[in-house]
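Engineer: Can you keep this structure in mind? I'll have questions shortly.
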Amino acid sequence: MAVICGSRAHLQEEATAKRNPLRNLLMHGFHFAVWLLCVRGVKDTQCGFKLFSRRAARLLFRNQHVERWAFDVDLLYLAQHLSVEICEVPVSWQEIEGSKIVPIFSWLQMAKDLLLIRLRYALGAWKIEQSHHLE
Numbered sequence: 000m001a002v003i004c005g006s007r008a009h010l011q012e013e014a015t016a017k018r019n020p021l022r023n024l025l026m027h028g029f030h031f032a033v034w035l036l037c038v039r040g041v042k043d044t045q046c047g048f049k050l051f052s053r054r055a056a057r058l059l060f061r062n063q064h065v066e067r068w069a070f071d072v073d074l075l076y077l078a079q080h081l082s083v084e085i086c087e088v089p090v091s092w093q094e095i096e097g098s099k100i101v102p103i104f105s106w107l108q109m110a111k112d113l114l115l116i117r118l119r120y121a122l123g124a125w126k127i128e129q130s131h132h133l134e
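The sequence shown lines up with residues 0 to 134 when you count with numbering that gives the first Met the number 0.
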């Protein structure tokens with residue numbers, strides 16, 4: 000595996016029940032937007048647990064453009080575009096009070112980042128250096 004993503008998807012029913020309705024709506028909307036615009040086949044792009052092989056890290060971080068909340072989506076978009084293998088593994092996760100995300104503002108910023116990822120790569124404004132493909 001070149002990229003391993005922790006996934007809280009197996010805890011979704013339990014986690015969804017503990018969040019407020021607005022946060023649940025924003026979370027599901029974001030997941031749909033990620034699937035629609037950028038990354039398919041990864042259920043939980045925003046889990047903080049990610050592990051990269053040395054080769055994958057060098058290739059992906061060299062090409063990364065987004066440095067805000069949606070940076071994970073940028074990295075996973077690049078991985079899929081460059082045919083870097085991605086694997087999700089279930090992780091136990093516990094919500095902690097005092098989230099740094101401001102629900103509406105952060106979601107709007109992340110939605111903007113998703114559009115930028117899709118459009119800037121598609122239009123060639125962001126280049127992807129492919130000279131160091133993984134073997």
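Glycine included, each C-beta is placed from N, C-alpha and C at the ideal position.
Hey, how far is the Cα of residue 53 from the Cα of residue 37?
Structural biologist: Cα to Cα, residue 53 sits roughly 24 Å from residue 37.
Engineer: Would you kindly work out how many angstroms separate the C-alpha atoms of residue 5 and residue 92, rounded to a whole number?
Structural biologist: Approximately 10 Å between the Cα atoms of the pair.
Engineer: Identify whether residue 6 lies in helix, strand or coil by the three-state DSSP scheme.
Structural biologist: Three-state DSSP puts residue 6 in a strand.
Engineer: Quick one: grab the DSSP three-state call for residue 127.
Structural biologist: Coil at residue 127, not helix or strand.
Engineer: Starting from residue 36, trace the alpha helix (DSSP H) both ways and give me its first and last residue.
Structural biologist: Run containing residue 36: 20 to 36, per the alpha helix (DSSP H) assignment.
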